[in-house]
Amino acid sequence: MKTLRLIILLTVTALCSCEETVTGDITLTTIERLVIEGGIERNRNNPGAIQSVKLSTTINYLSQDSSPGVTDATVTVTDGTTTWEFIHTGNGLYSNSELIPELNTVYTITIIWRGETYTGNDTLNEVAVFDNFYFEFEEETLFTDEGYFLKFDSTDPAAIENYYYYRVFKNGIYTIVPDPGNSETLIVSDEFFDGQQRFGINPNEEVSFTVNDIATAQQLGISQKYFEYLYQVFEQTGNQGVSFTGNPPPASIRSNVINVTTPSNRPLGFFYAADIEEQSIQITE
Amino acid sequence: MARLLLLLIIFVADSIYAQEKKVISGYITDAKSGEKLFGVSIFDSKGNTTTTNEYGYFSLPVEGETTQITISYTGYKNIVKEITGNNLRLDVALEQAVEELAEVVVTKKRNTVQSSEIGTATLKASVIKKLPAILGEPDVLKTIQLLPGVSSVNEASSGFNVRGGSADQNLVLLDDATIYNASHLFGFFSVFNPDAIKDVKLYKGGIPAYYGGRLSSVLDVRQKEGNKKEFNGEAGIGLISSRVLVEGPFAKRDSADARGSYMVAARRSYIDAFTFIDDEFKDTRLYFYDLNLKTNYELNAKNNLYLSGYFGRDRFKLPGLIGTTWGNATGTLRWTSILSDKLFLQTSAVYSNYDYELDNLRSGSEYTWKSRISNFNIKPRLTWYYNNDVTARAGLDILYYVFSPGEISPLNNSSVNSQTFSKKYSLENGAYVDTEYKISDKLLIQPGLRFSNFSRLGRETINQYNNGMPIFYNPVQDVYEENEVISGRNYKRGEIISRFNNLEPRLSFRYLLNENSSVKAGYNRMYQYIHLVTNTTSPTPLDVWTPSGPYIKPQSADQVGIGYYRSFLNNAYELSVESYYKRLYNVTDFKEGADLLFREDIETQLIQGTGRAYGVEVLLNKYEGNFTGWISYTLSKSETKITGINNSRYYPNNADQLHRLNIVGMYKLGERWEFGGIFSLSTGRPVTYPTGRYEQNGLVVADYNSRNGSRLPTYHRLDLSATLNPKPGSGKTGKWIFSLVNVYNRQNASSIYFREVSEVNDVEVATGRTEAVKLSFFGIVPSVTYEFKF
Numbered sequence: 002m003k004t005l006r007l008i009i010l011l012t013v014t015a016l017c018s019c020e021e022t023v024t025g026d027i028t029l030t031t032i033e034r035l036v037i038e039g040g041i042e043r044n045r046n047n048p049g050a051i052q053s054v055k056l057s058t059t060i061n062y063l064s065q066d067s068s069p070g071v072t073d074a075t076v077t078v079t080d081g082t083t084t085w086e087f088i089h090t091g092n093g094l095y096s097n098s099e100l101i102p103e104l105n106t107v108y109t110i111t112i113i114w115r116g117e118t119y120t121g122n123d124t125l126n127e128v129a130v131f132d133n134f135y136f137e138f139e140e141e142t143l144f145t146d147e148g149y150f151l152k153f154d155s156t157d158p159a160a161i162e163n164y165y166y167y168r169v170f171k172n173g174i175y176t177i178v179p180d181p182g183n184s185e186t187l188i189v190s191d192e193f194f195d196g197q198q199r200f201g202i203n204p205n206e207e208v209s210f211t212v213n214d215i216a217t218a219q220q221l222g223i224s225q226k227y228f229e230y231l232y233q234v235f236e237q238t239g240n241q242g243v244s245f246t247g248n249p250p251p252a253s254i255r256s257n258v259i260n261v262t263t264p265s266n267r268p269l270g271f272f273y274a275a276d277i278e279e280q281s282i283q284i285t286e
Numbered sequence: 006m007a008r009l010l011l012l013l014i015i016f017v018a019d020s021i022y023a024q025e026k027k028v029i030s031g032y033i034t035d036a037k038s039g040e041k042l043f044g045v046s047i048f049d050s051k052g053n054t055t056t057t058n059e060y061g062y063f064s065l066p067v068e069g070e071t072t073q074i075t076i077s078y079t080g081y082k083n084i085v086k087e088i089t090g091n092n093l094r095l096d097v098a099l100e101q102a103v104e105e106l107a108e109v110v111v112t113k114k115r116n117t118v119q120s121s122e123i124g125t126a127t128l129k130a131s132v133i134k135k136l137p138a139i140l141g142e143p144d145v146l147k148t149i150q151l152l153p154g155v156s157s158v159n160e161a162s163s164g165f166n167v168r169g170g171s172a173d174q175n176l177v178l179l180d181d182a183t184i185y186n187a188s189h190l191f192g193f194f195s196v197f198n199p200d201a202i203k204d205v206k207l208y209k210g211g212i213p214a215y216y217g218g219r220l221s222s223v224l225d226v227r228q229k230e231g232n233k234k235e236f237n238g239e240a241g242i243g244l245i246s247s248r249v250l251v252e253g254p255f256a257k258r259d260s261a262d263a264r265g266s267y268m269v270a271a272r273r274s275y276i277d278a279f280t281f282i283d284d285e286f287k288d289t290r291l292y293f294y295d296l297n298l299k300t301n302y303e304l305n306a307k308n309n310l311y312l313s314g315y316f317g318r319d320r321f322k323l324p325g326l327i328g329t330t331w332g333n334a335t336g337t338l339r340w341t342s343i344l345s346d347k348l349f350l351q352t353s354a355v356y357s358n359y360d361y362e363l364d365n366l367r368s369g370s371e372y373t374w375k376s377r378i379s380n381f382n383i384k385p386r387l388t389w390y391y392n393n394d395v396t397a398r399a400g401l402d403i404l405y406y407v408f409s410p411g412e413i414s415p416l417n418n419s420s421v422n423s424q425t426f427s428k429k430y431s432l433e434n435g436a437y438v439d440t441e442y443k444i445s446d447k448l449l450i451q452p453g454l455r456f457s458n459f460s461r462l463g464r465e466t467i468n469q470y471n472n473g474m475p476i477f478y479n480p481v482q483d484v485y486e487e488n489e490v491i492s493g494r495n496y497k498r499g500e501i502i503s504r505f506n507n508l509e510p511r512l513s514f515r516y517l518l519n520e521n522s523s524v525k526a527g528y529n530r531m532y533q534y535i536h537l538v539t540n541t542t543s544p545t546p547l548d549v550w551t552p553s554g555p556y557i558k559p560q561s562a563d564q565v566g567i568g569y570y571r572s573f574l575n576n577a578y579e580l581s582v583e584s585y586y587k588r589l590y591n592v593t594d595f596k597e598g599a600d601l602l603f604r605e606d607i608e609t610q611l612i613q614g615t616g617r618a619y620g621v622e623v624l625l626n627k628y629e630g631n632f633t634g635w636i637s638y639t640l641s642k643s644e645t646k647i648t649g650i651n652n653s654r655y656y657p658n659n660a661d662q663l664h665r666l667n668i669v670g671m672y673k674l675g676e677r678w679e680f681g682g683i684f685s686l687s688t689g690r691p692v693t694y695p696t697g698r699y700e701q702n703g704l705v706v707a708d709y710n711s712r713n714g715s716r717l718p719t720y721h722r723l724d725l726s727a728t729l730n731p732k733p734g735s736g737k738t739g740k741w742i743f744s745l746v747n748v749y750n751r752q753n754a755s756s757i758y759f760r761e762v763s764e765v766n767d768v769e770v771a772t773g774r775t776e777a778v779k780l781s782f783f784g785i786v787p788s789v790t791y792e793f794k795f
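Going down the list, the sequences are from chains Z and C. Those letters in the first sequence? Residues 2 to 286, by my numbering. Those letters in the second sequence? Residues 6 to 795, by my numbering.
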């Protein structure tokens, strides 16, 4: 959390608590693994969307290149009765336009690459709608600059475990910041508000808007497994290295996809299924 | 066990006959303050010797009509008394030596070479206060890290690691009460106000049978009792906190010391006083405070009562975002009674509590989260000074715990639902016998046996898992998987859910090679029934303690140690070399990707494994002269093995440091100046570096393969301090303490971490670029503190 950096700041104001980039002094080894990114998205507001999954491989952590796409894999997705083939459309992206996602369905992906078979699945759960969708101007605080922020109200369905994930788009462009707060704001479980209506929730506290921006937010209904996966991703990417928040011994974040042929050569990333509530609004004064 | 009983029976039988000796016993106190002194040597001309216990009491059987008794304690004038007659009570007040030259660091030389103790060290508060300190805050826990075998994961950690053990394996006692979290300000400082502390004793090995419940060490911190002669006030003004202490007598008598005395100390930090510098910091809170109290009252010549307490809190709040408060509260009532000149009974009734609160202050989802652990503890102990050769201790240690893992409630009418995690109850009983037996002039043995019994009690509903286990290891996928909960089993109030019975043998012996040197060896087995659940390397306020039970086994450890002790150059120097080997069983760790916050089924996140630690510790002490100090060096390994982590092989744990060197010096220049210096050098601690990067949801994610596979750079630092004392005889009491920490401004890495660059031209954004960043907590830190008496 940025909060925790601030604690340091306050605690040791008199001290020089220094961060220094030491990228050049560190040599890292790399173990190459297959990476899966993507899933089945049932967008209520945009039903006919193309489904796609991206495949790539890991590279050295301090490399400044982007991960190379895997272009020679065979990718299929099945709901148990129908199987759809995902076709490579370039740069490691595999797509299918015929799959119409349905609620309460388990989708299973199978990837065959370099003679090894990978498989994993996720369940598509229904998401709650936005009861209200609006924006508010907020003054500058310790952690955020002033600006317009998205807000929504939403009612959690009672007696069902729900897991939510929020995505925000600025003028149509997906926007995210690696921030310690992500694990608390971008994903949330209804453990403590089951069946309640929540008000004035900000889907991403790090993303502010200016007048005339088109602001879009998605509320995704995700599985518990994907929630737990994202929690680890946000914890790790948000960790600012402050020892009392973390440095839990960092660990590989386990995928829901496994390598059936050679289990130890396990892949990374996640194949998810999500139901999406989406709304957009233009920011005005 | 049988042999011990036999020994006891022999003592009893023997005592009926052995009446021709006489016994001199009594209390040794400080002449100025009337405080009882611990560890004072009392010996006669025939070589009979003893030391005072922690209540200043001694009992020395002697032979002959007339005996010459010498009472000796470093820093004090020796007293020689002629004793004639029978069974004499001898209460002696020792006067401090005019020049406070000989501040002893490790217990007085006569003890170290001659006692049966192995792997122990004592520090006096006066030494702690003379050494350089970060921001001028002298700190008990930072100072003990200058001793061999003690370390910490970084500077911002008040948790400490003893011989490679984790921070929760230390039993930290303040006047017999357990302190569950000894940190202030997220670990930069410890809860022990140096003004209120008398001395500190650390047991790293050879732990006597009267301590139990933790695997690695016992840190026994004792508060000052209060001046029995006169009212006395002390205050210190530092950069980040101020302290005040008052002490004095009550129930005064004309001829002798007062019947009672008290000590009250308080400390408050004021870092947040500077929040006015920026309006943004308005309503931000960041402070801690401590209150220490101790009173004692002499009921009569044989009975004393002590009441002590501690209360401390930290408060931290960022409006609109987060708030937290945490602290310990303890209370101890002790009664000591001299039943006869050979029997000393002490009984403590203790309450201790640790709780924290975490407030989420984000609008729309405000809530407060509370968690608590508290215990009640009764521990009677009888010490029997049977004769010159045998001292026996026996006692009970009864501990009742209440764990309240968590309670959530809404704030500001937010839509958060209230919820309370079920409480857990446990009873931990110990019964022990510990004997010190002088077999010959050269050989002294200290056998002991502790029987411990731990019961997890209802009322509680225990999850029943498929296959009977909350998690299992899937070797094909190399991952831990959770089992389904199939039902809940209800236990009634007081009903036993799980029970563990264990024997903990302890043994140490000393063999005197000659007047100035000895060898010692020790063995101890320890059991630990409560486990700290935290996913960080150092204690945080968000610690949750959880008891052993159906799914979490007690941890245990076996340790053997051997040491060589020698004093030379007329006892001005002392050298000790100790070596140890430890095996640890069922040590707790977390499965990869464990999520511990707000978790009721904590058993699904914990895994247990084995550990081993071994090393050599060297300590060279100089006690006398204007220049005193010590050099300590530790060569050690500390490793853990857990199924499913690092291919189920041994890997270095967080406390593993091959080399650790500390040089500590204190120099007295003239009448007014004293200087202190510390140089520390150690191997960097183990860290885990990434073995790959990939993208997920627009963020760069790191992949890891082997835990603790890399190391931070070597750590080294030099600290200096200078104390300007008032001119002797001037009547002034003001004292200036200047401290310069990290003199040559080395940016020691407290961690190196890897992240995606998330800022471009002051705008926060995911960039896809990565960097390695070194975090150092501080560079050069000057500070000044002013202390005065009133």
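Beta carbons: idealized from backbone N, C-alpha and C, even for Gly.
Per-residue contacts from residue i into chain C (C-beta, under 7 Å)
i, result
"threonine 30(Z)", "Thr696"
"phenylalanine 194(Z)", "Ser420, Val421, Asn422"
"leucine 56(Z)", "Within chain C, no residue comes near leucine 56(Z); the closest Cβ sits about 11 Å away, beyond 7 Å."
"valine 36(Z)", "Tyr699"
Local conformation of residue i per DSSP, three classes
i, result
"alanine 107(C)", "Caution applies to alanine 107(C), whose pLDDT of 39 falls short of 50 and renders its modelled position unreliable; the value that the coordinates give is listed next. Coil, per DSSP."
"asparagine 631(C)", "coil"
"alanine 777(C)", "strand"
"lysine 525(C)", "strand"
"tyrosine 227(Z)", "helix"
"leucine 11(C)", "Below a pLDDT of 50, predicted positions are generally treated as unreliable, and leucine 11(C), at 49, falls in that range; the measurement from the model is reported next regardless. It is helical."
Bridge partner(s) assigned by DSSP for residue i
i, result
"proline 552(C)", "Ile535(C)"
"glutamine 73(C)", "Glu87(C)"
Rounded distance between the beta-carbons of residue j and residue i, thought under 8 Å
i, j, result
"alanine 274(Z)", "leucine 29(Z)", "That belief does not hold up - the Cβ atoms of alanine 274(Z) and leucine 29(Z) are roughly 34 Å apart, past 8 Å."
"leucine 448(C)", "tyrosine 516(C)", "5 Å"
"valine 778(C)", "arginine 760(C)", "6 Å"
Closer than 8 Å to chain Z by CB, residue i
i, result
"lysine 497(C)", "no"
"valine 789(C)", "no"
"glycine 703(C)", "yes"
"alanine 771(C)", "yes"
"glutamate 597(C)", "yes"
Residue-chain proximity (residue i, chain C), Cβ-Cβ < 8 Å
i, result
"leucine 104(Z)", "no"
"tyrosine 95(Z)", "no"
"threonine 59(Z)", "yes"
"asparagine 266(Z)", "no"
"valine 130(Z)", "no"
Neighbouring residues, chain C, relative to residue i (Cβ below 9 Å)
i, result
"threonine 22(Z)", "Glu776, Ala777, Val778, Lys779"
Cross-chain neighbours of residue i in chain Z, by beta carbon under 7 Å
i, result
"threonine 693(C)", "Pro250, Pro251"
"phenylalanine 759(C)", "Tyr62"
"asparagine 710(C)", "Ile32, Ser253"
Proximal residues of chain Z, C-beta to C-beta of residue i below 9 Å
i, result
"aspartate 600(C)", "Glu229, Tyr232, Gln233, Glu236"
Below-8 Å beta-carbon distance, residue i vs any chain D residue
i, result
"proline 179(Z)", "Protein chains in the displayed structure are Z and C, and chain D is not among them."
Closer than 8 Å at the beta carbon, the chain C residues around residue i
i, result
"tyrosine 119(Z)", "None at all; the shortest Cβ gap to chain C is about 12 Å."
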